[in-house]
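Visitor: All residue numbers for the sequence shown refer to full-length UniProt numbering, where the first residue is 1 and numbers rise by one.
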Amino acid sequence: MPPLKTYQIHEYNGNTSPNANANQNANQNPTGGGDGDFFGQNLGSGATAASHRTNLPSYCNAQYPFKVLSNLNQLREQSRFCDVEIIAGMATLSAHRAVLSAASAYFEAMFRPELGLNEVKQKSVVLHTIDGDILHILLDFIYTGRCEITQSNVQELLAAADMLQLNEVVDGCCEFLCRELHASNALGILRFAEAHNCESLAKSALNFVHANFPAITLEDEFLETPQTLLSQLLNSELLRVDSESQVFQAALRWIKHDVTQRRCYVFDVLSHVRMALVPVKVIDKALKDDCRDMSVKIALRSICRDIASKRGQLVPLRVCPRQLAKKNIYIIGGSHRDTPRTWNSADCIFETVAKFDIFRREWTETAPMEVGRILPGVSALNGKIYVVGGERGSQILANGEVYDPQNDVWQPIAPMIVPRCEFGLCTMGGNLFAVGGWIGDDIGGSMECYDPEQDLWKLMGSMPQPRFSMGVVSFEAR
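1) Just mark Tyr-59 as buried or exposed, buried being the case when its beta carbon has 16 or more other beta carbons within 10 Å.
2) Would the beta-carbon of Leu-135 fall within 8 Å of that of Leu-93?
3) Assuming contact is defined by CB atoms lying nearer than 8 Å, are Ile-439 and Ile-396 in contact in what I supplied?
4) Can you tell me whether Ala-22 is buried or exposed? The criterion is at least 16 other CB atoms within 10 Å of its CB, across all chains shown.
5) Taking only the alpha-carbon atoms, compute the straight-line gap between Asp-242 and Gly-471 and give it to the nearest angstrom.
6) Would you give the residue range spanned by the beta strand (DSSP E) that Pro-214 belongs to?
7) My output table needs one value for Val-68: the three-state DSSP class, helix, strand or coil.
8) Specify, as a first and last residue, the run of the alpha helix (DSSP H) that Cys-174 falls within.
9) Return yes when the Cβ of Arg-240 is within less than 8 Å of the Cβ of Ala-211, no when it is not.
10) Which two residues bound the contiguous alpha helix (DSSP H) that contains Met-470?
11) Based on the DSSP secondary-structure assignment, which residues constitute the bridge partners of Phe-433?
12) Would you kindly work out how many angstroms separate the C-alpha atoms of Arg-253 and Ala-202, rounded to a whole number?
13) With H, G and I counted as helix, E and B as strand and the rest as coil, what does DSSP make of Ala-193?
14) Using CA atoms only, rank isn't needed, just tell me which of Leu-229, Glu-237, Ala-215, Thr-260 is closest to Gln-249.
15) How long is the line joining the alpha carbons of Leu-100 and Ser-152, rounded to whole angstroms?
16) Could you check the C-alpha separation between Ala-98 and Leu-190 for me, to the nearest Å?
17) Within its chain, find whatever has a CB closer than 7 Å to the CB of Leu-75; leave out the 5 residues flanking it on each side and keep chain order.
18) In three-state terms, what does DSSP make of Glu-248?
19) Our contact map puts Ala-183 next to Glu-219 with C-beta atoms below 8 Å; I'd like the distance itself, whole angstroms only.
20) Nearest CA to the CA of Trp-410: which residue from Gly-429, Ile-385, Asn-55, Gly-424?
21) Just to check, is the beta-carbon of Gly-377 closer than 7 Å to a non-hydrogen atom of the ligand MN?
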């Protein structure tokens, strides 16, 4: 292997003679290129050389930051070059001030000399409100970028990360809690998110509460909801309920849970219920069967008289249903023919969708389907309308799409395993079930189940007798 050429950088010596420069360059580099010139160009002055180097492509090693972080973590684990101890609970952990300051604005302010805090000179720093195990997890994250978030540590971890201004850990905890939202914990997560100013988590939790309000009111957590939050929820236009009776019964259940302390809130809470939309028989039943507290009974009777007289002195006499409680009728797709002999099915199949607002008593057109079809399965699930299968021309379809009334958009979903038309489609347990129908030239008896969370169909066995054009409903989880 030939020896590597040595390049030396010579500064300009102040000689203004072009010949002198040329002679000097010739003596230093007989090949004709300038000193340090890899590209055979004479760069001349130092300023020109610097300008040239600026235009060269930079070198980047994507693994280098990870290597440095890994080495810093090893130094921490070996207690080498550590200049501070962080104490939390029974844990004492060594660290580097520079690393902590680079990761956390909290530590950066703590160790900044010009602020004059005591921690600047202290060897040990005590964090009184953080558990030792949580501190260990957070320090691991600072030095590795990784941490384990679980149901048992997520609340403490988020609170500590929020205090230390480790926003990445806060975001990770919020994403975890979003995935864990359930009717039994959504209100607690909402309150927790608001307490820590986690706006995106609070928004997701509130949307979940709105969308699942009837189920949430049956959970024990609902009974412990603060009165201010309850009033905020009951006042919302976005509650997805079948009728205002569900809202009334939820409010009454909350009051009765601690009637001694809550009887003073009866009129305030019920003022957010649209009592004019609650059937009288529902209120009468509450008076006869469910209410034993005399003060609550008197309040309900007074409200009934107020509604009957249409005075509206005790509760507002709003008669407009909530936005998401409105019931609409939809006509989806279909076909048209003038005479049987001139009908061309491919030309007369509609993608259009018409909606009838039963409160305004008017028809409007909504966004059309992506695929026109006849004889499909149609069902409503979680506030959305699913249209699956059917026929177009001579082709039996397996594909489907879902309509979101809130955003007036259609989106495709996974196709069924078996193409079918004139079949039964119903909802049960948060899933869709497709049953029987025409499958090619035969009548089918197979059943499929669709999971909207996974966007996945799977076969569920067969009916004893194949059928088509039948009605299908679910009743008591069957």
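Ideal placement from N, C-alpha and C gives every residue a C-beta, glycine not left out.
Guide: Quick answer:
1) When all chains shown are included, Tyr-59 counts as exposed.
2) Taking 8 Å as the Cβ cut-off, Leu-135 and Leu-93 qualify as a contacting pair.
3) Yes. Within cutoff.
4) Residue confidence for Ala-22 is low, a pLDDT of 41 falling below 50, so the modelled location carries little weight; the figure read from the coordinates is stated next. Result: exposed.
5) Whole-angstrom Cα-Cα distance: 23 Å.
6) For Pro-214, there is no enclosing beta strand (DSSP E); the enclosing alpha helix (DSSP H) covers residues 213-216.
7) The three-state secondary structure of Val-68, taken from DSSP, is helix.
8) Taken as a continuous stretch (DSSP letters only), the alpha helix (DSSP H) holding Cys-174 covers 167-179.
9) Contact: yes.
10) The continuous stretches of alpha helix (DSSP H) do not include Met-470, and DSSP gives it neither H nor E.
11) Partner(s): Cys-426, Cys-449.
12) Arg-253 and Ala-202: Cα-Cα distance of roughly 25 Å.
13) Ala-193 sits in a helix when the DSSP states are folded into three classes.
14) Among Leu-229, Glu-237, Ala-215, Thr-260, the Cα nearest to that of Gln-249 is on Ala-215.
15) C-alpha separation (whole angstroms): 26 Å.
16) If you draw a straight line from the Cα of Ala-98 to the Cα of Leu-190, it is about 36 Å long.
17) If you ignore the 5 residues before and after Leu-75, its C-beta comes within less than 7 Å of the C-beta of Phe-81, all in its own chain and listed in chain order.
18) Rather than Glu, the amino acid found at residue 248 in this sequence is Phe. Phe-248 falls in the helix class under three-state DSSP.
19) Correct: roughly 6 Å between the Cβ atoms.
20) Nearest C-alpha to Trp-410: Ile-385.
21) Inclusion of the ligand MN in the displayed structure is not the case, the ligand content being empty and no account of it being possible.
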